[in-house]
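Counting in my numbering, the sequence shown tops out at residue 334, every number present.
We treat Cβ as the ideally placed atom computed from N, Cα and C, and that holds for glycine.
Input: a single structure, listed below in structure tokens.
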Amino acid sequence: MKIGVIGAGAWGTAFSLHLARRGHHVLLWVYEPELYDILQETRENTLYLPGFTLPERITFTRSLEALTAFSGDIVVGTPSFALRKTIQKASAWLSGRRILLLTKGFEENTLLRMSEVVGEVAGDTAGIGVLSGPSFAGEVARAAFTSVVVSSTDKDLSRHYQKMIHDDTFRVYTAEDVIGVEVGGAMKNVMAIGAGIIEGLQLGTNTQAAFTTRGLAEIKRLGKAMGAKETTFLGLSGIGDLVLTSYGGLSRNRAFGIELSKGRKPDAIIASQHQVVEGYYTINAAYTLSGRLGVEMPIAEELYKIVFQGKDLLKSINDIKKRGLKEEEV
5 MKIGVIGAGA WGTAFSLHLA RRGHHVLLWV YEPELYDILQ ETRENTLYLP
55 GFTLPERITF TRSLEALTAF SGDIVVGTPS FALRKTIQKA SAWLSGRRIL
105 LLTKGFEENT LLRMSEVVGE VAGDTAGIGV LSGPSFAGEV ARAAFTSVVV
155 SSTDKDLSRH YQKMIHDDTF RVYTAEDVIG VEVGGAMKNV MAIGAGIIEG
205 LQLGTNTQAA FTTRGLAEIK RLGKAMGAKE TTFLGLSGIG DLVLTSYGGL
255 SRNRAFGIEL SKGRKPDAII ASQHQVVEGY YTINAAYTLS GRLGVEMPIA
305 EELYKIVFQG KDLLKSINDI KKRGLKEEEV
């Protein structure tokens, strides 16, 4: 079948490669003119996913109109901050299309989940699903075994995506809890920054384990307040993605935290990165959401103060340690 993919970053490119290996014909929309020329000439994404030659089943375009005419199935892998603008550009041609979101995060100004952003722009005529789970782009590109979850309010649409994507190297489960899947996918990027700080400061594996456990508890509390099912966070889009992003060597969010532990300024780190650190853009939204919903999230609050208010790392850690005694809530 034919599938259109919007976004030629590492994840969009790796997912296109998987779809092509699956036997699909892929039209990949490329935002940057420089990258489009590189892909046309070399068939290798040297900017975001070097080392992989893309097969002839993948072709390239800079036209969103051409992409939406190519297929009724559209996969979107843009950064969270670019999602609304990109979907707005394509909105005239999205009626009746099925849209699968790879993008994770909250929209900073509106605090909307990614599927809500697309729904707001595209309207009710498009079917929307989300994909999440522990899946580094580089490992998907080399066909390392990966397992993810797809979720939609439409069960038939979830099963459609499952059949479209699944193979022996890429196992796909379905889930009904769209909110939980999206909250887990967004918040794991925030917590991974904290995990990177702990690793960079060499605070030990006891601390790492405690941090991950309490971080997951915060994610669950936020998700529950937003309408998610608590059990979702024990699955691939919850603890699975949290562990990968917090401790995997390919994690940009973890690497950002490690750089913070060296005393570097957040803005300087972001400016030096060629690829997107999604957790940086999600922290502010998470902090605002927790206040608006009355959810206690001390870790997320301290990460916000570190990144956006310049609070000293060790002061934040000590403030967490000195919190009042309480019964464990999981």
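Distance between residue j and residue i (C-alpha atoms, nearest Å)
i    : j    : result
A141 : F19  : 8 Å
R102 : Q277 : 32 Å
D245 : S136 : 8 Å
E234 : A221 : 10 Å
V144 : D172 : 12 Å
I201 : T211 : 11 Å
A147 : R163 : 22 Å
E311 : L205 : Note on identity: in this sequence residue 311 is Val, with Glu being the wrong assignment. Approximately 16 Å between the Cα atoms of the pair.
P54  : T46  : 11 Å
E36  : D271 : 23 Å
A24  : L329 : 54 Å
Cβ pair residue i, residue j closer than 9 Å
i    : j    : result
V299 : L307 : no
G188 : S255 : no
V182 : S151 : no
T107 : G11  : yes
M191 : G227 : yes
T236 : V185 : yes
Residue i Cβ short of 8 Å to the ligand FAD heavy atom set
i    : result
L161 : Here there are no bound small molecules, and the ligand FAD is not part of this structure.
Expected contact under 8 Å - CB spacing of residue i and residue j to nearest Å
i    : j    : result
L339 : G16  : One cannot answer for residue 339 here, as it falls past the ends of the chain, which runs 5 to 334.
V110 : A290 : A quick correction: the sequence has Phe, not Val, at residue 110. Yes, they are in contact, since the Cβ atoms of F110 and A290 sit about 7 Å apart, within 8 Å.
Y165 : A199 : Between A199 and Y165 the Cβ distance is about 30 Å, and since that is not below 8 Å, they are no contact.
K89  : L68  : In fact, because the Cβ distance is near 11 Å, the residues do not count as touching under 8 Å.
A14  : Y52  : 4 Å
N193 : T157 : Wrong, their Cβ atoms sit about 24 Å apart, outside the cutoff.
I7   : D77  : 5 Å
F56  : L43  : Contact flag wrong, Cβ pair sits at about 11 Å.
Burial state of residue i, where buried means 16 or more other Cβ atoms lie within 10 Å
i    : result
L318 : exposed
E124 : exposed
M5   : exposed
F74  : buried
N257 : buried
V134 : buried
Identify every run of the alpha helix (DSSP H) within the region 95-175, keeping only runs that are complete inside it and at least 4 residues long; order them along the chain. Listed in chain order, they are 118-126, 141-145, 159-169.
Inside the region 200-231 only - beta strand (DSSP E) runs reaching at least 3 residues: Runs of the beta strand (DSSP E) spanning 3 or more residues and lying entirely within the region 200-231 do not occur at all.
Go through the region 5-48 residue by residue and report every complete run of the beta strand (DSSP E) that reaches 3 residues or more, in order. Here the runs fully enclosed are 6-10, 29-33.
Quick one: which unbroken alpha helix (DSSP H) runs of 4-plus residues sit fully inside the region 248-315? Chain order, please. List check, alpha helix (DSSP H) in window: 256-265, 270-276, 282-297, 302-313.
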